[in-house]
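**Student:**
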Amino acid sequence: MSSTKIDLSTLGPEQLVAVKRQFDQELDHFNQSLQALNIASNKFTECIEDIKQVSKKENDGQQILIPASSSLYIPGKIVNNQSFMVDVGTGYYIEKNREEAITFYQAKVDKLKKESIQLQDIIKEKAQVVLMLEQRLRQLALQRREEAKTETAK
Amino acid sequence: MSSNELATKYQTFQNELEGFIVTRQKLETQLQENKIVNDEFEKLKEETKVFKLTGNVLLPIEQDEARSNIDKRLEFIQTEIDRCEKNIKAKQAEMEKIRSELMATAPAPTPASAK
Chain A
432 MSSTKIDLST LGPEQLVAVK RQFDQELDHF NQSLQALNIA SNKFTECIED IKQVSKKEND
492 GQQILIPASS SLYIPGKIVN NQSFMVDVGT GYYIEKNREE AITFYQAKVD KLKKESIQLQ
552 DIIKEKAQVV LMLEQRLRQL ALQRREEAKT ETAK
Chain B
11 MSSNELATKY QTFQNELEGF IVTRQKLETQ LQENKIVNDE FEKLKEETKV FKLTGNVLLP
71 IEQDEARSNI DKRLEFIQTE IDRCEKNIKA KQAEMEKIRS ELMATAPAPT PASAK
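Protein sequence lines correspond, in order, to chains A and B. The opening position of the first sequence corresponds to residue 432 in the working numbering, with each subsequent residue numbered one higher. The opening position of the second sequence corresponds to residue 11 in the working numbering, with each subsequent residue numbered one higher.
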């Protein structure tokens with residue numbers, strides 16, 4: 432993150448536009464990241480719901496259709512509805528029971544929430560700077576018009 | 011070298027640098043993912059079963075094997091990151107050199123033209 436402070440009043444309009452463009456790009460990037468975080472968070476929340484649903488008492492021994500591919504299903508039966516395979520990343524799966532699996536996903540959701548709040552703060556800050564830049568640009572444009580007017584009046 | 015050639019060279023270096031940075035970011039993502047998996051392995055109970063997704067099938071795998079796999083991968087990614095960082099630094103140094111050469115050949119832009 433660039434932390435060097437630049438006095439905006441020392442910049443010309445072209446430079447201001449360049450700075451603004453950079454900030455706009457950064458904003459875009461952060462907004463995309465925020466969206467990705469929210470999507471991931473929703474996915475994990477869904478996983479928790481699924482676990483709760485499947486592990487209900489009445490769902491033990493329940494008939495299900497197992498996807499063998501995206502368009503082929505095989506009839507099956509839940510043998511143990513308290514045990515889950517959890518994808519921990521890079522292709523590794525760990526067998527967890529209901530509680531462990533829920534804690535795992537809840538930790539993920541909490542972490543993502545925290546990060547998304549941090550990101551929102553950054554976005555707010557950047558948006559404010561962009562607003563400031565726009566204001567300064569308008570000011571400069573006005574000033575320039577005034578100058579042109581006085582020049583023609585001469 | 012003329013300032014034109016220098017400028018083209020600077021441009022190609024800039025592109026190369028961007029390529030390095032993209033690689034560096036990808037490596038960082040991989041590193042973080044592997045770290046998460048590693049953390050999860052640390053918390054395993056002894057009797058917990060671990061599986062590896064191979065193609066479309068989950069194959070059971072020994073915890074020790076899984077652990078050493080991840081350790082190796084973390085090590086590999088770290089060396090890749092170090093290599094990438096070195097590349098980035100070298101490229102930046104080269105670009106800095108070209109920049110100063112450009113400054114020397116091209117007359118400094120007058121403040122009026124900058125406005």
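We treat Cβ as the ideally placed atom computed from N, Cα and C, and that holds for glycine. Here the structure is a predicted model, which means the values were calculated and not measured.
Please state whether DSSP places Gln494/A in a helix, a strand or coil.
**Tutor:** Indexing the first sequence from 1 puts residue 494/A at position 63. Looking at Gln494/A - three-state DSSP - the assignment turns out to be strand.
**Student:** Tell me, which residues are paired with Tyr504/A by DSSP?
**Tutor:** The count along the first sequence starts at 1 and reaches residue 504/A at position 73. The partner list for Tyr504/A (beta bridge, DSSP) reads Pro498/A.
**Student:** Please report the distance separating the alpha-carbon of Val510/A from that of Asp49/B.
**Tutor:** Looking up residue 510/A in the first sequence gives position 79. Looking up residue 49/B in the second sequence gives position 39. One C-alpha to the other measures close to 30 Å.
**Student:** Within 8 Å of any Cβ in chain A, is that where the Cβ of Leu27/B sits?
**Tutor:** Here residue 27/B corresponds to residue number 17 of the second sequence, with the count starting at 1. False, the Cβ-Cβ gap to chain A never drops below 8 Å.
**Student:** Within 8 Å (strictly less), CB to CB, does Val67/B reach chain A?
**Tutor:** If you number the second sequence from 1, residue 67/B lands on position 57. It does not: the Cβ of Val67/B has no partner Cβ on chain A nearer than 8 Å.
**Student:** Does Ala76/B get closer than 8 Å to chain A when you measure Cβ to Cβ?
**Tutor:** As a first step, residue 76/B must be located in the second sequence, where it is residue number 66. True, the Cβ-Cβ gap to chain A drops below 8 Å.
**Student:** Beta-carbon within less than 6 Å of Met432/A's beta-carbon, same chain only, minus the 5 sequence neighbours each way: which residues are those?
**Tutor:** Start at 1 with the first residue of the first sequence, and residue 432/A comes out as number 1. With a pLDDT of only 44 at Met432/A, under the threshold of 50, the placement of this residue in the model should not be trusted; the figure read from the coordinates follows. Answer for Met432/A: no residue qualifies.
**Student:** Anything in chain B within Cβ reach of Thr521/A, meaning under 7 Å, just list it in chain order.
**Tutor:** The count along the first sequence starts at 1 and reaches residue 521/A at position 90. Simply Glu43, Asn44 and Val47.
**Student:** Using a Cβ-Cβ cutoff of less than 6 Å, which residues in the same chain neighbour Leu568/A once the five nearest sequence positions on both sides are dropped?
**Tutor:** Start at 1 with the first residue of the first sequence, and residue 568/A comes out as number 137. Contacts found: Leu447.
**Student:** Which of the three DSSP states, helix, strand or coil, is assigned to Ile509/A?
**Tutor:** Indexing the first sequence from 1 puts residue 509/A at position 78. If DSSP states are grouped into helix, strand and coil, Ile509/A belongs with coil.
**Student:** Under 8 Å between beta-carbons, which chain A residues line up against Thr115/B? List them in chain order, please.
**Tutor:** Taking the first residue of the second sequence as position 1, residue 115/B is located at position 105. Correct list: empty, because the minimum Cβ distance to chain A is about 24 Å.
**Student:** Could you check which residue in Leu68/B, Leu112/B, Glu111/B and Ile87/B has the C-alpha nearest to that of Leu37/B?
**Tutor:** Residue 37/B sits at position 27 when you count from the first residue of the second sequence. Answer by Cα proximity: Ile87/B.
**Student:** Out of curiosity, what's the CA-to-CA distance linking Leu564/A and Asp438/A?
**Tutor:** Position 133 of the first sequence, counted from the start, is the residue given in the question as residue 564/A. Position 7 of the first sequence, counted from the start, is the residue given in the question as residue 438/A. The alpha-carbon atoms of Leu564/A and Asp438/A are separated by roughly 11 Å.
**Student:** Does Ala122/B have its Cβ less than 8 Å from a Cβ in chain A?
**Tutor:** Taking the second sequence and counting its residues from 1, the one referred to as residue 122/B is at position 112. With a pLDDT of only 48 at Ala122/B, under 50, the local geometry of the prediction cannot be trusted, and the value read off the model is given with reservation. No, no contact with chain A.
**Student:** Helix, strand or coil for Glu582/A, going by three-state DSSP, please let me know.
**Tutor:** Counted from its first residue, the first sequence places residue 582/A at position 151. If DSSP states are grouped into helix, strand and coil, Glu582/A belongs with the helices.
**Student:** Can the beta-carbon of Ile525/A be found closer than 8 Å to that of Val60/B?
**Tutor:** Translated into the one-based positions of the first sequence, residue 525/A becomes position 94. Translated into the one-based positions of the second sequence, residue 60/B becomes position 50. The answer is yes: Cβ separation under 8 Å.
**Student:** Answer with buried or exposed for Asn44/B, where buried requires no fewer than 16 other C-beta atoms within 10 angstroms of its C-beta.
**Tutor:** Residue mapping note: residue 44/B aligns to position 34 of the second sequence, counting from 1. Per the 10 Å Cβ criterion, buried.
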